[in-house]
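Working notes, structure below.
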Amino acid sequence: SDLKTLENNLLTLNEEGSLIIEYSEATKKLSINETKSIVALKGALNEFLPQDIALSDTETASLIQGTNAVLADLSSTDTNTLKNALKSLNYNITTIPKSDDPGTDPGDKPGGGGKGEPTTPDKPEVVIPKDPDKPVSVSIPSDSAKVTVTDGKTVVSFDDTTVSDILKLLEDAQKKADDKPLVLTFDFSTIGKVEDNVEVNLPANLIAQAFEAEAPITVTLKSIIIDIPVSAMNLDDAKDFNINAQTVEPNEALEGISGLDNMKTVGNAQEITITIDGKAANLNKKITIKFNIKGITTNIDKLGVYFVDTENGTLVFVGGKVDRATGTIKAELPHLSTYALLEYDKTFADIRYHWAKNFIESMASKHILDGKAQDKFAPEDSMTRAEFAKVIVQTLNLDIKTYRGIFEDISTGDWFADYVQTAFDNNLIQGKVAGKLFDPNGRITRQEMMTIIGRAMGEKAIRDANSILGYYKDADKVADFAKDFVALLIEKQLVGGYPDMTLRPEASISRAEAAKIIYGFYNY
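The opening position of the sequence shown corresponds to residue 11 in the working numbering, with each subsequent residue numbered one higher.
This is the structure in structure tokens:
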């Protein structure tokens, strides 16, 4: 049958991940929600869509472009057949009978609950999460704000009584938090009047008090979320703190901008400013912006946030990490200006039929991987230590540091010198020969690369490293410096062994293999 052909197609792939299948007996519909990579699955379906899986055009587009769900009309037998095919690919499958009662659907609104439950509080409150890893929040809902609209501009503000209440809650939250982190959150996403041109007015002493309590600020609007870290700007004796967010049509935002080949605008651009007592704020730290991409049809694997540099007529990539769970894409901004969402379709002639094509294209479109020439990626070439230093710096979007002559075999003029310095300053890399040499043109080994990524993750494996590595025949070849990091990446399913149950830790790694691992780490 057609479905059996699909199953056979899936069996030829080599992909690991985690999926949740929701099946509705009433509607005979299957929903597949992925939590890791769905590249292999969508690649198979892109080449072959069985006739008895009746996907609509929009659903097909969503799947092919990498969103997190696909709906198909299936029988119970078909569900099990597809589930078994996915299991054979090392996907972890959970089947959940999906209720057809619309009252249990939490919807798209932040904080949505079940039947009859309020989605957000109607007044400021301290929220202590059950998850110990999440911060204690002083949550300010939209109902507590004053909203006015004049000449198409929405102004959000708070009266003195509400500000006083929030300040008291901050003090209360500090006592309740113990050693937990704090965050001050303003949610204006449910205000119907908040549309294309918004000004949020806050007293500067409230922001200063939050910073003093080591609480960052989160402001949620309909289209964007703005995260302001502690001490992001100097407030001194300021009185007024204003955030402005204005929607800009993409054609208007990109007028006079060059370098748009293979790029497609997605949604509207946003012009964002923060003023303190009427003057533009100077940032001490990067501010994070998250675009809401729910309901947008695009290939999120190639989507990015770009600074619209009108002065030079160019675009500057500032971030493209997608959170599928929240439906957002984020970027860290060194300054405030106009930012646009664009899908960049970057490919290379020598990867057209390569198994790693999707991984390479995604990481190239996110400006993390470069080709060796305009149309050449050289997927089977070994990745060098210098190349990977640049890759990890760009993956983490680190501020570039100027080379200071830390290694004897690297000169200031080398193309990779600043990337090596940046990785070194962030404790990601070390040298060889008592730290005197870096060996930039040497091939990076699998365990060296896993060590660098493990350091970047800043985590430890839950299980004992030796018990994780013990499954592999050559576990004894993993160097002591790399054991914990190799175990971590295996536990997080970012890397795996070879079919012969070896890790080959001392072997070099191809640029294609590195692309797949970096893709997994970037989307972790």
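No residue lacks a Cβ here, since even glycine has one placed at the ideal position from N, Cα and C.
- For GLU209, the enclosing beta strand (DSSP E) starts and ends at 207-213.
- Residue pairing of ASP237 in beta bridges, as defined by DSSP: THR228, THR298.
- For the options GLY507, ALA471, ILE472, the alpha carbon positioned closest to that of ASP484 is the one of GLY507.
- Spanning the alpha carbons of GLN431 and GLN440 requires a straight line of approximately 10 Å.
- Per DSSP, LEU293 lies in no beta strand (DSSP E) and is assigned neither H nor E.
- When C-beta atoms of the region 332-350 are compared with those of the region 366-386, fewer than three pairs fall below 8 Å, so the two segments do not count as touching.
- Shown here for LEU231: same chain residues with a beta carbon closer than 7 Å to its own, the five before and five after excluded, namely PHE198, SER199, VAL204, VAL208, ALA255 in chain order.
- Using a Cβ distance threshold of 8 Å, ILE420 and PHE398 do not count as a contacting pair.
- Taken through DSSP and simplified to helix, strand or coil, MET273 comes out as strand.
- With fewer than 16 other CB atoms across the displayed protein chains lying within 10 angstroms of its CB, ASN272 is exposed.
- PHE426 sits away from LYS386, with the two beta carbons spaced by 8 Å or more.
- For GLN256, the enclosing beta strand (DSSP E) begins and ends at 250-258.
- By the C-beta criterion, the region 284-297 is judged to be in contact with the region 235-242, since at least 3 inter-stretch pairs fall below 8 Å.
- Close CB contacts of LYS446 within its chain, under the 6 Å cut and outside five residues either way in sequence, are with GLU418 (chain order).
- Nearest Cα to LYS185 within the set ALA471, ILE284, ALA223: ALA223.
- For PHE196, the uninterrupted beta strand (DSSP E) segment begins and ends at 192-197.
- ASP510 has its alpha-carbon roughly 31 Å from the corresponding atom of PRO450.
- Boundaries of the beta strand (DSSP E) around THR324: 324-329.
- Look at ALA350 here: in three-state DSSP terms it is strand.
- Rounded to whole angstroms, the separation of the alpha carbons of ALA388 and LYS274 is 26 Å.
- Contact between PRO213 and LYS249 is confirmed by a C-beta separation of about 7 Å, below the 8 Å threshold.
- In this structure, DSSP gives GLN503 a state outside helix and strand, which the three-state scheme calls coil.
- A straight-line Cα-Cα distance of about 34 Å links GLU262 and ASP153.
- In terms of Cα proximity to SER149, the closest of GLY162, ILE176, THR164 is ILE176.
- DSSP places GLN440 outside both helix and strand once states are collapsed to three, so it counts as coil.
- Of the residues assessed, ASN476 falls on the exposed side of the cut-off, its CB having fewer than 16 other CB atoms within 10 angstroms.
- Ranked by Cα distance from LEU264, the options ALA218, GLY323, ILE227 are led by GLY323.
- Remark: C-beta atoms of ASN437 and ARG414 do not approach each other more closely than 8 Å.
- For the options THR308, TYR429, ILE236, ASN252, the alpha carbon positioned closest to that of ALA341 is the one of ILE236.
- Remark: C-beta atoms of ILE478 and GLU501 approach each other more closely than 8 Å.
- Relative to the Cα of THR164, the nearest Cα in the group PRO151, LYS312, SER147, ASN211 belongs to ASN211.
- Selection LYS493, GLY162, SER268, THR195 evaluated against ASP206 yields GLY162 as nearest (Cα-Cα).
- By the Cβ-count criterion, ASN302 is buried, with 16 or more other Cβ atoms from all chains shown falling within 10 Å of its own Cβ.
- The C-alpha of LYS400 is placed about 24 Å away from the C-alpha of VAL488.
- Within the region 342-402, the complete beta strand (DSSP E) runs of at least 3 residues fall at 348-354.
- Beta-bridge partners assigned by DSSP to ILE150: PHE196.
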